[in-house]
Structure formats: C-alpha cells, structure tokens
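Some notes on the structure that comes next.
Numbering (the numbering used here), first residue to last: 46 to 153.
This is the structure in structure tokens:
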C-alpha cells in the first residue's frame, strides 16, 4: 500500500481554490498544492447533464493525514457534496516523498 497520495477536488472560483490550498497546507494536512484552471467539466447533477468552469486543486499528502485532509476539505468547501478523490503515488523521487512526509507531520 502506498504511503503517499495526490488528492484532487475542484471549486467554482480561483479564490476558493486558493483558500482551500492555503488552509490545508498551513495546517500541514498537505505538503503542497497546485491549482489548475480554469478547466471545463461535464457532469450529471441532480438528474441533469451540465458543463461548467471549475478550478482544480491537487494536494500532496500521506495516507495517515488523508482523513484529516478530507474532513478539512468537506468542512471548508463551497459545495455541499464536492468531488474529493485520492490517488496513490506508487513511486516518486525519494526527495519529493521525504518532503511530503516531513511537511505533513503535525506541528509540535
């Protein structure tokens, strides 16, 4: 099982994505975050097909910190039921993985 994760979500605005990124990283729930956008999404919502513009947020964390990161995103996300998905980082540069681990350790 991989110890490192890349977590994604999306927000309707750039500022909302920045706020989520800043707070998650400041609280050491994620080592870092990238914001990509705007992106165009196609989706089903409440039985209707739609498209929209969103800002994608990618966060790097550890499996141990994921539950707290997910709770943070759910509590602070502008949408009631946001898409939050985590993908295992199966391999990566050791320095990067060490950086993720070091920067997601709870503050002492």
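The C-beta atom is built at its ideal place from N, Cα and C for all residues, glycine as well.
What residue range does the beta strand (DSSP E) around residue 83 cover? 77 to 90
Counting only C-beta atoms, is residue 96 closer than 8 Å to chain D at any point? Judged by its chain identifiers, the structure shown contains no chain D, having just a single protein chain.
Contacting residues, own chain, Cβ-Cβ under 6 Å from residue 62 (five flanking each side not counted): Once the five neighbours on either side are set aside, the close Cβ partners of residue 62 are 56, 80, 100 and 102.
With distances taken Cα to Cα, identify the nearest neighbour of residue 86 among 76, 98, 119 and 94. 98
Cα separation between residue 75 and residue 104? Cα to Cα, residue 75 sits roughly 6 Å from residue 104.
Suppose contacts are defined by Cβ-Cβ distances below 8 Å. Is residue 73 in contact with residue 152 by that definition? yes
Does the separation of the CB atoms of residue 50 and residue 146 fall below 8 Å? no
For the ligand COA, any of its heavy atoms closer than 7 Å to the Cβ of residue 85? With respect to the ligand COA, the structure shown offers nothing to examine, as it has no ligands at all.
Please look up how many angstroms separate the CB atoms of residue 47 and residue 114, rounded, as I've assumed it's under 8 Å. In fact, because the Cβ distance is near 15 Å, the residues do not count as touching under 8 Å.
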